[in-house]
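Engineer:
Protein chains: 2
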Amino acid sequence: MEELKKRILQDGLIIDNRILKIDSFLNHQIDAALIMDMGREFARRFNDIHIDRIVTIETSGIAVALATAVAMGGIPLVFARKKKSLLLKDDMYTAEIYSYTKEEAYTAVISRHYLPAGEQILIIDDFLASGAAAAGLVQMVEDAGSTVAGIGIVVEKSFQPGRRALAGKGYRVEALARIKAFEDNRPVFAE
Amino acid sequence: MEELKKRILQDGLIIDNRILKIDSFLNHQIDAALIMDMGREFARRFNDIHIDRIVTIETSGIAVALATAVAMGGIPLVFARKKKSLLLKDDMYTAEIYSYTKEEAYTAVISRHYLPAGEQILIIDDFLASGAAAAGLVQMVEDAGSTVAGIGIVVEKSFQPGRRALAGKGYRVEALARIKAFEDNRPVFAE
Numbered sequence: 001m002e003e004l005k006k007r008i009l010q011d012g013l014i015i016d017n018r019i020l021k022i023d024s025f026l027n028h029q030i031d032a033a034l035i036m037d038m039g040r041e042f043a044r045r046f047n048d049i050h051i052d053r054i055v056t057i058e059t060s061g062i063a064v065a066l067a068t069a070v071a072m073g074g075i076p077l078v079f080a081r082k083k084k085s086l087l088l089k090d091d092m093y094t095a096e097i098y099s100y101t102k103e104e105a106y107t108a109v110i111s112r113h114y115l116p117a118g119e120q121i122l123i124i125d126d127f128l129a130s131g132a133a134a135a136g137l138v139q140m141v142e143d144a145g146s147t148v149a150g151i152g153i154v155v156e157k158s159f160q161p162g163r164r165a166l167a168g169k170g171y172r173v174e175a176l177a178r179i180k181a182f183e184d185n186r187p188v189f190a191e
Numbered sequence: 001m002e003e004l005k006k007r008i009l010q011d012g013l014i015i016d017n018r019i020l021k022i023d024s025f026l027n028h029q030i031d032a033a034l035i036m037d038m039g040r041e042f043a044r045r046f047n048d049i050h051i052d053r054i055v056t057i058e059t060s061g062i063a064v065a066l067a068t069a070v071a072m073g074g075i076p077l078v079f080a081r082k083k084k085s086l087l088l089k090d091d092m093y094t095a096e097i098y099s100y101t102k103e104e105a106y107t108a109v110i111s112r113h114y115l116p117a118g119e120q121i122l123i124i125d126d127f128l129a130s131g132a133a134a135a136g137l138v139q140m141v142e143d144a145g146s147t148v149a150g151i152g153i154v155v156e157k158s159f160q161p162g163r164r165a166l167a168g169k170g171y172r173v174e175a176l177a178r179i180k181a182f183e184d185n186r187p188v189f190a191e
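Read top to bottom, the protein sequences are chains D and R. Note that the UniProt record's numbering has the first sequence beginning at 1, numbered continuously upward. Note that the UniProt record's numbering has the second sequence beginning at 1, numbered continuously upward.
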């Protein structure tokens, strides 16, 4: 998605050739028009398959997931909540996720009420790096007896293991921007 | 907003005549069509004033704030982040907020980069009860040298002090559903 790459080059802040902050349009301030365009782009890329529901995770996945749900005609979406600690309840699917950025683990939870069995699910998230968050969402969808039809990512760091691990297990991953390296704190895109 | 009231009656879970959970369309699962309608309703109610920017707070304010930003023609929005603890930085506005629901305090932060001076701001949030979160957002907007042009709330618990406190200070509050009481764990609407 050319407009996204342009905005990453223009506004992205890269720290230690490792962390990309895009607080100016995605993770703190939100550019409503660009986010709605992202939703339309995901709808276009996945228009060959049927999607029943979108699953994302708080916080920064919510806006893009909503844009995608709208572009797909108003399908339901559910966002996993992040909990530091948890009284485990029978009515929730859970996944343990380690955040390499924050260097801490958390538990992602989705109520069983909002993740029925037998659906085709599109997972949406803002970043794909280690793949830990996406893998946690995949696990919850499959625990629910539904199928991961695809994984839509805004920014993929292709040099980290997430994409390869998910693709290696047969999941279809579509990323709107793929970064193959950071050089001198500038992103180098994969295509 | 009649559709919202209908959905609260149909899907809302009320606990101890005190807490309203609307996880089926706002706080966990999101009904994309209904949320976009809420955005259009806020745009209609505030169409007599100029708005430069929307300010909300993670997590559940984000979807409605995005819908409103889209309905207002794609104006910028920024969401405050909630921090448990914090190294105070010069480049952030902060507010201490006590959550009566969670019975804990947190610090809300917004980067100065995304809250410029001299703007007309619409604050959007999902619930108004004690008014603590809205008051914190108001304080940050005014610390930034901008003006609170209005406060848009999805569900107001009119029997708690938030609405009266904000209106008493002259702020314009528009709530899409106003609950004046819970009786036998059912909501009674104000109009």
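Backbone N, C-alpha and C fix where the C-beta goes; we use that ideal spot for every residue, glycine too. Keep in mind that this is a model prediction, so the values were computed, not measured.
For R:Gly152, write down the residues that DSSP places opposite it in a beta bridge.
Structural biologist: Paired residues: R:Ile124, R:Glu174.
Engineer: Tell me the DSSP secondary structure of R:Arg112 in three-state form.
Structural biologist: Three-state DSSP puts R:Arg112 in a helix.
Engineer: Taking the C-alpha atoms as reference points, what is the distance between D:Asp125 and R:Arg53?
Structural biologist: Cα-Cα distance, rounded: 25 Å.
Engineer: Measure the C-alpha to C-alpha separation of R:Glu104 and R:His28 and round it to an integer number of angstroms.
Structural biologist: Looking at the two C-alpha atoms, the distance is approximately 21 Å.
Engineer: Do you know offhand how far R:Val141's Cα is from R:Leu166's?
Structural biologist: So the alpha carbons of these two residues sit roughly 14 Å apart.
Engineer: By how many angstroms is the C-alpha of R:Ile22 removed from the C-alpha of R:Leu13?
Structural biologist: Approximately 7 Å between the Cα atoms of the pair.
Engineer: How would you list, in chain order, the residues of chain R whose beta-carbon sits under 7 Å from the beta-carbon of D:Ile22?
Structural biologist: Ordered by position in chain R, no residue passes the 7 Å Cβ test against D:Ile22, which lies about 12 Å from the chain.
Engineer: Tell me which residues of the region 30-56 of chain D have at least one Cβ-Cβ distance to chain R shorter than 8 Å, keeping chain order.
Structural biologist: Residues Ile30, Asp31, Ala32, Ala33, Ile35, Met36.
Engineer: Does DSSP put R:Thr56 in a helix, a strand or coil?
Structural biologist: Correct three-state label for R:Thr56: strand.
Engineer: Are the CB atoms of D:Val78 and D:Ile110 nearer to each other than 8 Å?
Structural biologist: Cβ distance < 8 Å, so D:Val78 and D:Ile110 count as in contact.
Engineer: Using a Cβ cut-off of 8 Å (strictly closer), state whether R:Glu58 contacts chain D.
Structural biologist: True, the Cβ-Cβ gap to chain D drops below 8 Å.
Engineer: Start and end of the alpha helix (DSSP H) containing residue 211 of chain D?
Structural biologist: Chain D is shown from 1 up to 191; residue 211 of chain D falls before or after that span and cannot be answered.
Engineer: Per DSSP, what kind of secondary structure is D:Thr101 in: helix, strand or coil?
Structural biologist: Three-state DSSP puts D:Thr101 in coil, outside helix and strand.
Engineer: Select from the region 85-111 of chain R all residues with a C-beta closer than 7 Å to any C-beta belonging to chain D, and list them in chain order.
Structural biologist: Answer set for the region 85-111 of chain R: Ser111.
Engineer: Contact defined as beta carbons within less than 8 Å: I believe R:Thr122 pairs with R:Gly152. What is the distance between those atoms, to the nearest angstrom?
Structural biologist: Per the sequence shown, residue 122 of chain R should be read as Leu rather than Thr. Confirmed, about 6 Å.
Engineer: Going by other Cβ atoms of all chains shown within 10 Å of its Cβ, with 16 needed for buried, is D:Tyr98 buried or exposed?
Structural biologist: D:Tyr98 comes out exposed.
Engineer: By the three-class DSSP mapping on this structure, what secondary structure does R:Met72 have?
Structural biologist: In this structure, R:Met72 counts as coil in the three-state DSSP scheme.
Engineer: Compare the C-beta of D:Ile62 against all C-beta atoms of chain R and say whether one is closer than 8 Å.
Structural biologist: Yes - at least one Cβ of chain R is within 8 Å of the one on D:Ile62.
Engineer: Ordered along the chain, which non-local residues of its own chain (more than five positions away) have a Cβ less than 8 Å from that of R:Arg182?
Structural biologist: The sequence as given places Phe at residue 182 of chain R; Arg does not occur at that position. Result list for R:Phe182: Ile14, Asn17, Arg18, Leu20, Val188, in chain order.
Engineer: Mind listing the chain R neighbours of D:Ile75? Cutoff is C-beta to C-beta under 9 Å, in chain order.
Structural biologist: Going along chain R in sequence order, the residues near D:Ile75 (Cβ under 9 Å) are Ala32.
Engineer: Strictly under 8 Å for the Cβ-Cβ distance: is R:Val78 near chain D by that measure?
Structural biologist: Yes, R:Val78 counts as interfacial toward chain D.
Engineer: Quick one: is R:Val148 near chain D, going by C-beta distance under 8 Å?
Structural biologist: Not closer than 8 Å to any Cβ of chain D, the Cβ of R:Val148 fails to qualify, so no.
Engineer: According to DSSP, is residue 214 of chain D helix, strand or coil?
Structural biologist: Any property of residue 214 of chain D remains undetermined from this structure, which presents chain D solely from 1 to 191.
Engineer: Our contact map puts D:Glu119 next to D:Ser146 with C-beta atoms below 8 Å; I'd like the distance itself, whole angstroms only.
Structural biologist: Rounded, the Cβ-Cβ distance is 4 Å, consistent with contact.
Engineer: Should the region 33-47 of chain R be called in touch with the region 58-70 of chain R, which here means at least 3 C-beta pairs below 8 Å?
Structural biologist: Yes, since at least three Cβ pairs between the region 33-47 of chain R and the region 58-70 of chain R fall closer than 8 Å, the two stretches touch.
Engineer: D:Arg44: buried (16+ other C-beta within 10 angstroms of its C-beta) or exposed?
Structural biologist: Exposed, by the Cβ-count rule.
Engineer: Start and end of the beta strand (DSSP E) containing D:Ala80?
Structural biologist: Segment 77-83, the beta strand (DSSP E) holding D:Ala80.
Engineer: Helix, strand or coil, according to DSSP, for D:Glu142 in the structure here?
Structural biologist: The answer is helix: DSSP assigns D:Glu142 an H, G or I state.
Engineer: What residue does the alpha helix (DSSP H) around D:Phe42 start on, and which one ends it?
Structural biologist: Unbroken alpha helix (DSSP H) run through D:Phe42: 32-45.
Engineer: So with CB distances below 7 Å, who are the chain D contacts of R:Val70?
Structural biologist: Correct list: Ala32, Met36.
Engineer: R:Ala71: beta carbon under 7 Å from a heavy atom of the ligand FAD?
Structural biologist: Judged by which ligands are present, the structure shown has none, so any question about the ligand FAD falls away.
Engineer: Which of the three DSSP states is assigned to R:Ile14 in this structure?
Structural biologist: Strand at R:Ile14.
Engineer: Would R:Gly170 pass as a contact of R:Leu128 if the rule is Cβ separation under 8 Å?
Structural biologist: No, the pair does not count as a contact, with Cβ atoms beyond the cut-off.
Engineer: Take the Cβ of R:Ile49 as the centre, count every other Cβ of all protein chains shown within 10 Å, and call the residue buried at 16 or more, exposed below.
Structural biologist: Answer is exposed; the Cβ neighbour count stays below 16.
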